[in-house]
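Chemist: All residue numbers for the sequence shown refer to the numbering used here, where the first residue is 17 and numbers rise by one. To start, I am sharing the structure in question, which I have written as structure tokens.
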Amino acid sequence: MGINDDIPWNQTIKKEARGINDEDFGEVQDIQGNYVLVQRGILNKEKFYIPKDKAESYDGDVLRFRFSKEESSQYQNEPSSSTSSTADEGVSYDDSAEEKETESIPLTEERLDVSKKSQEDQATVTKKPVTESKTVEVPLTREEVSIERRPASGQTEAQSPIQSPQDIKIPIKKEEAQVSKTPYVKEEAVVKKKAFTDTKEVTEDVTSEELDTSNVDKE
């Protein structure tokens with residue numbers, strides 16, 4: 017596979033270098049001919065001389081290679097052709113540049129990641145009995161006794177002498193109201209659900225790192 021000429025190699029310097037599984041290879045330090053010089057670590061520095069044709073892509077921030085972290089050890093030795101290759105391309109390489117090593121100090125900042133969690137609540141609708149008095153008019157029929165006096169007809173002699181007082185029972189009828197209650201569906205109440213979206217502000221403290229240069233000796 018040939019060198020990936022679509023990658024702006026000079027722009028990859030000081031950018032992140034990563035492997036196929038997003039493994040951290042460190043930072044691109046220099047482009048030397050057909051090789052990319054990558055350095056990993058701040059105190060215990062590791063240098064890798066990776067051929068350009070092992071590069072897979074560059075997105076402006078990360079230069080990705082098509083091999084894993086386990087395979088990176090084979091590129092730790094400086095290739096003998098890196099210097100001559102640079103001369104063939106007309107690029108001068110300053111040996112003293114190795115003595116002027118730079119260190120990258122990552123500064124970390126926390127980022128707020130807000131997610132939404134759906135939870136179920138309940139809206140309670142209560143049916144309760146309400147007692148009220150209702151009046152209904154009901155016609156009731158009853159019988160009453162009335163006395164009408166008239167002359168005796170036929171035989172005028174009594175069949176028996178006058179005796180003690182005697183009660184004569186005369187049946188009379190009357191209607192009484194009997195009340196019973198029967199439940200029925202008077203109306204229906206329709207309960208509807210409607211979704212509304214509210215915007216809520218979430219405030220949280222985040223911590224970031226910055227460099228304190230007050231104790232750095234000035235030349």
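We put the CB at the ideal spot given by N, CA and C, even for glycine.
1. Would you kindly work out how many angstroms separate the C-alpha atoms of D214 and E225, rounded to a whole number?
2. Determine which residues share a DSSP beta bridge with I66 and list them.
3. Which of the three DSSP states is assigned to E160 in this structure?
4. To the nearest angstrom, how far is it from the Cα of V130 to the Cα of T219?
5. Work out the CA separation of Q182 and V201 for me, nearest whole Å.
6. Among the candidates K143, W25, V195 and E159, whose CA atom is the shortest distance from the CA of V152?
7. Spatial neighbours of I186 within its chain, please: CB distance less than 8 Å, with the 5 preceding and 5 following residues excluded, ordered by chain position.
8. Rounded to the nearest angstrom, what separates S89 and F64 at their Cα positions?
9. Give me the residue from E192, K143, K190 and V222 with the minimum Cα distance to E204.
10. With distance defined between alpha-carbon atoms, name the residue in D77, R158 and T229 nearest to Q23.
Modeler: Quick answer:
1. 34 Å
2. V52
3. coil
4. 10 Å
5. 58 Å
6. V195
7. V161
8. 8 Å
9. K143
10. The question names Gln, but residue 23 is Ile in the sequence shown. Looking at the Cα atoms, D77 is the closest of the given residues.
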